[in-house]
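To start, the structure itself, in structure tokens.
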Amino acid sequence: MRTNELKQILTEMTLSEKVGQLVQLTPDFFLAGGEITGPMQEWQMSKEQLFQIGSVLGTHTSEQVMQIQETYLEKSRLKIPLVFMADVIHGYESIYPIPLALASTFSPEIVEEVAQLSAKEATQAGVHVTFSPMGDHVMDARWGRVLESNGEDPTLSAALTRGYVRGYQGGNLSTEKNRLAACVKHFVGYGAAQGGRDYNTVDLSHVNLYQNYLPAFQAAIEEGVELVMTSFNTMDGIPVTGNKEMVQKILRGDLNFEGVVISDWAAVVELIAHRIAKDKKEAASLAFSAGIDMDMMSDSYQTHLAEIVLDTNQQVALDNAVFRILTLKNKLGLFEDPYRGLRELDDNQLAATKKQLAESILTISEKTPVLLKNDNQILPLKVGQKVALIGPKASSQDILGAWSWIGESEKAISLASGLQEKSLELSVLPMEDGQVITDEAINQALILAKENEVVILAIGETSEESGEAASLAQISLSRNQDKLVQAVAQVNPNVAVVLFNGRPLDLSNIVEEVPTILEVWFPGSQGGRSIANLLMGEVNPEGKLPMSFPRSVGQLPLSYLSLSTGRPMHEGNKDQKYISRYMDEGNDALFPFGHGLSYSQFECVDQGISHQAFREDETIEIRLAVKNNSQIAGGTTVQLYIEDLVTKVARPVKELKQWQKVYLEAFEEKEICFTISAEDLFYVHHDLSRSVETGEFNLYIGLSSQDESIKHQVAYTM
Ligand code: BGC
-15 MRTNELKQIL TEMTLSEKVG QLVQLTPDFF LAGGEITGPM QEWQMSKEQL
35 FQIGSVLGTH TSEQVMQIQE TYLEKSRLKI PLVFMADVIH GYESIYPIPL
85 ALASTFSPEI VEEVAQLSAK EATQAGVHVT FSPMGDHVMD ARWGRVLESN
135 GEDPTLSAAL TRGYVRGYQG GNLSTEKNRL AACVKHFVGY GAAQGGRDYN
185 TVDLSHVNLY QNYLPAFQAA IEEGVELVMT SFNTMDGIPV TGNKEMVQKI
235 LRGDLNFEGV VISDWAAVVE LIAHRIAKDK KEAASLAFSA GIDMDMMSDS
285 YQTHLAEIVL DTNQQVALDN AVFRILTLKN KLGLFEDPYR GLRELDDNQL
335 AATKKQLAES ILTISEKTPV LLKNDNQILP LKVGQKVALI GPKASSQDIL
385 GAWSWIGESE KAISLASGLQ EKSLELSVLP MEDGQVITDE AINQALILAK
435 ENEVVILAIG ETSEESGEAA SLAQISLSRN QDKLVQAVAQ VNPNVAVVLF
485 NGRPLDLSNI VEEVPTILEV WFPGSQGGRS IANLLMGEVN PEGKLPMSFP
535 RSVGQLPLSY LSLSTGRPMH EGNKDQKYIS RYMDEGNDAL FPFGHGLSYS
585 QFECVDQGIS HQAFREDETI EIRLAVKNNS QIAGGTTVQL YIEDLVTKVA
635 RPVKELKQWQ KVYLEAFEEK EICFTISAED LFYVHHDLSR SVETGEFNLY
685 IGLSSQDESI KHQVAYTM
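Residue numbers (this note's numbering): -15 to 702.
See the structure below:
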């Protein structure tokens, strides 16, 4: 449809129909076939109002979408199709590893594939828009939603966010009907919830906001993301969903976003609970003047916006908001095809898509686990070895993670099933996932541990323990799982812990007890198979931590991107008193950002730097050889960090700027080159502009944020 035709529709709409377009409800409002349902009664909503709304979120099946859209088009006066949105976060029915796991690949190409194939499946079920990617900057493992994040580094997160948007949206939403419009969320600052408690207060400086919290959103917007979701939290004392400065000035102004702004679930009405609105009318008024186009799951706009618009003469603003929603529907091709995507594929094609997804999930879930520790080379296992698999995650199919609301966990492949396909002498002692491990169960584990060469302990979290509304004050292993590890390690030195979880855990009370720890996150539908392949050495671990594992919950929030402080701690002063340190714990992470081992032995060898100094329009090249000093082929991620020695605004001691994935055969060596330009040195100044001054910089290249195998000092000059 052409723009003038869209504008024509706008002129035909009544005030109430315009307000309706800005309302998004769940399917249960429709399920009684257009009769007054429970939720409608509660909100005193009329049938006429229902058939004016703009959007539905969270449908489960193609039949549901078909039925709702059909009824809606039949009963609504203008027959503007509904746009269907849903949380397609790491897959729809076929589930990939959680986003934090995907971030362990450091690969925008991989997340692009995940997004593209997830879109292919979700569009078949009638979904048009996904509430993904999540670009929230995170530093606090107590916050359960770190599971949905790209980790603690804003440069990595921005690159991955771009990958998701590209994968979901493709090039043209109206012709590519197997693509979804993407909605980047939660704008902004949600990850900085105090104490890691979900929905809690946020108080951020603007320098921090611009440096760390905005880049992922900016990246998504540059990539053409169609929607932005505002967050629940306050910024500068005002919840973002009612915050003009955040939405109008920063999102629309500085970031130049032109698409649809949608609130998070009930966030408009929650302005009352925040105590910045006295009632729903004031909540609607604040949200609308802040710039929220669509009210997700509250009746504030529906009931009050028409009156507000008339009283305050905001007709133009209303028309603009409605037009943005009509434009989104038009870009999706809904006016021509309200059943977009539905039943596009026949049964054979559907089966082929499922197969393609299963293969892609398997390959990608082999790349997401992170080998945290592997002393004495317990892993890989050897063919024919006598192995005991023990623990609550041994046979558990609860391996999909918190956002797999349509994923079928009963079809997920458990680790026990994966290992049973291998040539091992395998004994399995499953334990009830999510239950406290009893002394009796530990005793059984000890018997089995003594009888076997190697013990795999499969432990971690249940999917309810991370994700939304799953904050934890304690992030060590719960339900006696640490006791199990300690006891088993006493009777068998060859223990490999396989950890299933959605956040960095505090592993300090098991880390010294066991030689091997493999972090597999929530690995998705094919989890057991991919982990079995990794344990057997048929594939080699290559994941790198996108988020630091703390030594203690007391260190949180924690990130490798810490500032120097006026009293930095170093080797020479670490026992002195008036130093920025903990008296009872180190400052550093137990496993730092960027860390991740391999069965191969990699080494980075300096091959020299092109210049010691460069100007604005010049670059510096650093060459290095990456060597595999082992007979096992594998892959790793070589990381380049910058340290700016003197700045106008205090900067982190080290910042990731570039990385490259390198795959090497046994004893192979490859030369790679990093090219540094002024852009890599830019940072946010006090006036929020981005620039860099002349001066000295250290460049570090290695295999984690703490690896300084290669170091150069360079000067940036006029
Ligand atoms: C979450 C969002 C999600 C929305 C819709 C909210 O509770 O914060 O991330 O997209 O629900 O399901």
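C-beta: ideal position from N, C-alpha, C; glycine also.
Task: Residues that Y667 bridges to, as DSSP identifies them - done: As a position in the sequence shown, residue 667 is number 683, starting the count at 1. In the DSSP output, where bridge partners are listed per residue, Y667 has S675.
Task: Close beta carbons around V439, own chain, < 7 Å, minus the five adjacent residues each side - done: Numbered from its first residue, the sequence shown carries residue 439 at position 455. Result list for V439: A372, I374, A433, V472, N476, N478, V479, in chain order.
- [ ] Take F14 as the anchor and find which of M24, V7, N162 has the nearest alpha-carbon.
- [x] The count along the sequence shown starts at 1 and reaches residue 14 at position 30. That would be M24, whose Cα lies nearest to the Cα of F14.
Task: Continuous beta strand (DSSP E) stretch holding L624: start and end - done: Locating residue 624 in the sequence shown gives position 640, counting from the first residue. Start and end: 618 to 628.
Open item on the list: So, at 6 Å on beta carbons, what are the nonlocal neighbours of Q644 in its own chain, with the 5 sequence-adjacent residues on each side left out?
Closed with: Residue numbering aside, residue 644 sits at position 660 when the sequence shown is read from its first letter. The answer, listed in chain order, is V622, I656.
Open item on the list: Which residue wins for smallest C-alpha separation from G402, given the options T287, L518, F319, I309?
Closed with: In the sequence shown, residue 402 corresponds to position 418, counting from 1. Cα-wise, what sits closest to G402 is L518.
TODO: Kindly provide the ranges of any alpha helix (DSSP H) runs that are 4 or more residues long and lie completely inside the segment 42 to 124, ordered along the chain.
DONE: 46 to 59, 83 to 87, 92 to 108
Open item on the list: What I want to know is whether the C-beta of G173 ends up closer than 7 Å to one or more non-hydrogen atoms of the ligand BGC.
Closed with: One-based indexing of the sequence shown puts residue 173 at position 189. No, since every heavy atom of the ligand BGC falls outside the 7 Å radius drawn around the Cβ of G173.
Task: Under the three-state DSSP convention, the category P488 falls into - done: On the sequence shown, residue 488 is found 504 positions in, with the first residue counted as 1. DSSP places P488 in coil when its eight states are reduced to three.
TODO: Please look up how many angstroms separate the CB atoms of V523 and E497, rounded, as I've assumed it's under 8 Å.
DONE: Working through the sequence shown from its first residue, we reach residue 523 at position 539. Working through the sequence shown from its first residue, we reach residue 497 at position 513. The pair is not a contact, with the Cβ atoms about 27 Å apart (cut-off 8 Å).
- [ ] Have a look at T659, D628, F666, L356 and flag the residue whose alpha-carbon is nearest the alpha-carbon of G679.
- [x] As a first step, residue 679 is located in the sequence shown; it is residue number 695 there, counting from the start. Cα-wise, what sits closest to G679 is D628.
TODO: Kindly indicate which three-state DSSP category Q642 falls into: helix, strand or coil?
DONE: Taking the sequence shown and counting its residues from 1, the one referred to as residue 642 is at position 658. Residue state, collapsed to three classes: strand.
Open item on the list: Quick check: the Cα distance between Q642 and L34, rounded to an integer number of angstroms?
Closed with: Within the sequence shown, residue 642 is the residue found at index 658, counting from 1. Within the sequence shown, residue 34 is the residue found at index 50, counting from 1. Roughly 50 Å separates the two Cα atoms.
Task: Counterpart residues of T659 in DSSP-defined beta bridges - done: In the sequence shown, residue 659 corresponds to position 675, counting from 1. Partner(s): E605.
Open item on the list: Pairs of beta-carbons, one from the segment 523 to 542 and one from the segment 379 to 389, closer than 8 Å: are there three or more?
Closed with: no
Open item on the list: On the criterion of 16 or more Cβ atoms from any shown chain inside 10 Å, does E58 qualify as buried, or is it exposed?
Closed with: Counting from one through the sequence shown, the residue named residue 58 turns up at place 74. Per the 10 Å Cβ criterion, exposed.
Open item on the list: Please determine whether the Cβ atom of D12 lies at a distance below 7 Å from any heavy atom of the ligand BGC.
Closed with: For the purposes of this step, residue 12 is taken as residue 28 along the sequence shown, with counting starting at 1. Checking every heavy atom of the ligand BGC against the Cβ of D12, none is found closer than 7 Å.
Task: alpha helix (DSSP H) segment containing N340, residue limits - done: Looking up residue 340 in the sequence shown gives position 356. First, the amino acid is wrong: residue 340 is Gln here, not Asn. Residues 331 to 349.
TODO: Compute every distance between the C-beta of F201 and the non-hydrogen atoms of the ligand BGC, then say whether any falls below 7 Å.
DONE: Taking the first residue of the sequence shown as 1, we reach residue 201 at position 217. F201 Cβ: outside cutoff for every heavy atom of the ligand BGC.
Open item on the list: Going by DSSP in three states, L717 sits in which element: helix, strand or coil?
Closed with: Examination of residue 717 is not possible in this model, given that the chain is present from -15 through 702 alone.
Task: Neighbourhood of V633 by C-beta, 8 Å cutoff - its chain only, sequence neighbours within 5 removed - done: Within the sequence shown, numbered from 1, the residue matching residue 633 stands at position 649. Only V191, Y667, V668, H669, H670 meet the Cβ criterion.
Open item on the list: For S349 and P507, which I take to be in contact (beta-carbon distance under 8 Å), what is that distance rounded to the nearest angstrom?
Closed with: Indexing the sequence shown from 1 puts residue 349 at position 365. Indexing the sequence shown from 1 puts residue 507 at position 523. 5 Å between Cβ atoms; contact.
Task: Distance, I397 Cα to V646 Cα - done: On the sequence shown, position 662 is the one that residue 646 refers to. On the sequence shown, position 413 is the one that residue 397 refers to. When rounded, the distance between both Cα atoms is 30 Å.
TODO: Grab the span of the beta strand (DSSP E) containing Y700 for me, first residue to last.
DONE: Reading the sequence shown from its first residue, position 716 is the one you call residue 700. Looking at the DSSP string, the run of the beta strand (DSSP E) that includes Y700 is 694 to 700.
- [ ] State buried or exposed for D279, treating a residue as buried only when at least 16 other CB atoms are found within 10 Å of its CB.
- [x] Taking the sequence shown and counting its residues from 1, the one referred to as residue 279 is at position 295. Per the 10 Å Cβ criterion, buried.
Open item on the list: According to DSSP, simplified to helix, strand and coil, what is M(-3)?
Closed with: Here residue -3 refers to the residue found at position 13 of the sequence shown. M(-3) falls in the coil class under three-state DSSP.
Task: Distance cut-off 7 Å: G75 Cβ against heavy atoms of the ligand BGC - done: Taking the sequence shown and counting its residues from 1, one reaches residue 75 at position 91. Checking the Cβ of G75 against the ligand BGC gives no.
Open item on the list: Less than 7 Å separating the Cβ of F706 from some heavy atom of the ligand BGC?
Closed with: Not covered by the structure: residue 706. The range shown for the chain is -15 to 702.
Open item on the list: To the nearest angstrom, how far is the alpha carbon of S189 from that of G173?
Closed with: The residue given as residue 189 occupies position 205 in the sequence shown. The residue given as residue 173 occupies position 189 in the sequence shown. So the alpha carbons of these two residues sit roughly 10 Å apart.
Task: Residue closest to L289, alpha-carbon to alpha-carbon, out of Y197, E54, E266 - done: Taking the first residue of the sequence shown as 1, we reach residue 289 at position 305. Nearest C-alpha to L289: E266.
Open item on the list: Taking 7 Å as the cut-off, is the beta-carbon of W249 closer than that to any non-hydrogen atom of the ligand BGC?
Closed with: Walking along the sequence shown from the start, residue 249 turns up at place 265. At least one heavy atom of the ligand BGC is nearer than 7 Å to the Cβ of W249, so yes.
Open item on the list: Using 8 Å as the threshold, is the C-beta distance between K561 and V589 below it?
Closed with: Within the sequence shown, numbered from 1, the residue matching residue 561 stands at position 577. Within the sequence shown, numbered from 1, the residue matching residue 589 stands at position 605. The answer is no: Cβ separation not under 8 Å.
Task: Own chain, CB closer than 6 Å to E409, minus 5 neighbours either side, in chain order - done: For the purposes of this step, residue 409 is taken as the residue at position 425 of the sequence shown. These residues qualify, in order along the chain: K370.
- [ ] For my contact list, P92 and R146 are in at a C-beta cut-off of 8 Å; report their separation, rounded to the angstrom.
- [x] Looking up residue 92 in the sequence shown gives position 108. Looking up residue 146 in the sequence shown gives position 162. 6 Å between Cβ atoms; contact.
- [ ] Taking only heavy atoms of the ligand BGC into account, decide whether any of them is closer than 7 Å to the Cβ of E452.
- [x] By one-based count along the sequence shown, residue 452 stands at place 468. Answer for E452: yes, Cβ within range of the ligand BGC.
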